[in-house]
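For the sequence shown, position 24 matches number 24 in full-length UniProt numbering, and the numbering has no gaps at all. Structure record follows, encoded as structure tokens.
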Amino acid sequence: MSFAAVRLVSVNLGAVQPLGPQAVPSGFVKRAVDGPVAVGPLGLAGDAQADLSVHGGPEKAVYGYGLPAYDGWRADHPQHTWGRAQSARISASRP
Numbered sequence: 001m002s003f004a005a006v007r008l009v010s011v012n013l014g015a016v017q018p019l020g021p022q023a024v025p026s027g028f029v030k031r032a033v034d035g036p037v038a039v040g041p042l043g044l045a046g047d048a049q050a051d052l053s054v055h056g057g058p059e060k061a062v063y064g065y066g067l068p069a070y071d072g073w074r075a076d077h078p079q080h081t082w083g084r085a086q087s088a089r090i091s092a093s094r095p
């Protein structure tokens, strides 16, 4: 297995809140934060996930997303303003 170098662009945290017309509990909306954030075995301090059966926990404590992928989200969903922080706990790009 090989790993590519990445540049950490942001650390993103959010609370569980209603999302969409069905008001589904979700931790999808995240905001970039400044300064250090503690990382524990279950995730980042100050971050929450709604459905712990598929998000968070020791095997999924930190979720990263590459910035280029947001271009696809913007193209597929022009009605939304996708920031660098949607869904992911960290955003990254190539150095």
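By construction, the Cβ of each residue, glycine as well, lies at the ideal position given by its N, Cα and C atoms.
- When only Cα atoms are considered, His55 and Ala48 end up about 9 Å apart.
- Three or more beta-carbon pairs drawn from the stretch 61-73 and the stretch 25-45 are found closer than 8 Å, and the two stretches are therefore classed as touching.
- Distance from the CA of Pro58 to the CA of Trp73, rounded to the nearest whole angstrom, comes to 28 Å.
- Short of 6 Å from the beta carbon of Val29, and not among the five residues preceding or following it, lie these beta carbons of its own chain, in chain order: Gly14.
- Per DSSP, the unbroken beta strand (DSSP E) holding Leu8 starts and ends at 7-13.
- At least 7 Å separates the beta-carbon of Pro25 from that of Val33.
- Within the same chain, Cβ atoms closer than 7 Å to the Cβ of Ala45 are found at Val37, Ala38, the five residues on either side in sequence being excluded.
- Counting along the chain, no alpha helix (DSSP H) covers Leu52, and no H or E run does either.
- Following the DSSP letters along the chain, one finds Tyr65 inside the beta strand (DSSP E) bounded by residues 64-66.
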